[in-house]
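Before any comments, here is the structure.
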Amino acid sequence: MKKFIIENDFWSLFPNARIGVVICQGIDNSIKDEDKYKNMICNSEKEALKYLSNTEFSSNEVIKVWREAFKKFKTKKGARSSIEALLKRVNNGNNLGTINVGNEEFIPLGTDENSPPYEGEVVYKDDKGAICRCFNWREAVRTMLTENTKNALLCIELIDERRAEEFENALKDLSKVVQDSLGGLSKVLILDINNKEVTIE
548 MKKFIIENDF WSLFPNARIG VVICQGIDNS IKDEDKYKNM ICNSEKEALK YLSNTEFSSN
608 EVIKVWREAF KKFKTKKGAR SSIEALLKRV NNGNNLGTIN VGNEEFIPLG TDENSPPYEG
668 EVVYKDDKGA ICRCFNWREA VRTMLTENTK NALLCIELID ERRAEEFENA LKDLSKVVQD
728 SLGGLSKVLI LDINNKEVTI E
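One gets this note's numbering by counting positions in the sequence shown from 1 and adding 547 to each.
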């Protein structure tokens, strides 16, 4: 039996946080309808821009909340939340792509060396090591989703309590889209300070 557990150190930093988990099993993650996915991404990009009403990027509430969160633990220099990275990309007019087919040349700086998390850094990890560093900044190659992925654990973090309804709707929508588009089964679980672990398999 595999469990997803959030340790007490996290809750001491973020006592009101909620972590949503969508457990996907038996999915077919190969691209079947690229136009459909491109349209979904395009519509999502337009929707995302609604959260950037302030012309100064860092002054938008959705960015400020995560920057404040990242001040609560030691981070790698320049690390920003995934939401900030995605919103910045969209704000700059750079479209997000569908899943990469895996033959694109990419040699990232520093990936040939182990880059372990700092002491006290918020990470997702398993028994082999870190999966995602700096809360939700950068994921490990070892656990990345590919066209061959059959089972997946997808997380959405809530640190801004005012957005609880959006958080819950996002989890439901993600679960539905995965199941409708990729088949298999998916279920949603939510962890909080009173519910720190769930069985995932």
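Just so it is clear, CB atoms sit at the ideal spot from N, CA and C, and this is done for glycine as well.
- Query: What span of residues does the alpha helix (DSSP H) with residue 608 cover, start to end?
  - Reply: 608-617
- Rounded to whole angstroms, what's the CA-CA distance from residue 744 to residue 566? Just pull it up for me. 10 Å
- Query: Short check: CB of residue 621 to CB of residue 554, under 8 Å?
  - Reply: no
- Task: Quick one: using the 10 Å Cβ neighbour count with 16 as the cut-off for buried, is residue 571 buried or exposed?
- Result: buried
- Query: Okay, do the stretch 575-584 and the stretch 687-696 touch, 3+ Cβ pairs below 8 Å being the bar?
  - Reply: yes
- Is the stretch 700-719 touching the stretch 605-617, taking contact as three or more C-beta pairs under 8 Å? yes
- Message: Given this structure, state the Cα-to-Cα distance separating residue 732 from residue 573, to the nearest angstrom.
- Response: 7 Å
- Task: Using beta-carbon positions only, say whether residue 607 and residue 599 come within less than 8 Å of one another.
- Result: yes
- Item | residue 718 vs residue 569 beta-carbon contact at 8 Å | yes
- Residues of its chain near residue 556, where Cβ-Cβ distance is below 8 Å and the 5 sequence neighbours each way are ignored: 667
- Query: CA-CA distance, residue 674 and residue 631?
  - Reply: 29 Å
- Task: Could you name the residues that DSSP lists as bridge partners for residue 556?
- Result: Looking at the DSSP assignment, residue 556 forms no beta bridge with any residue, so it has no partner.
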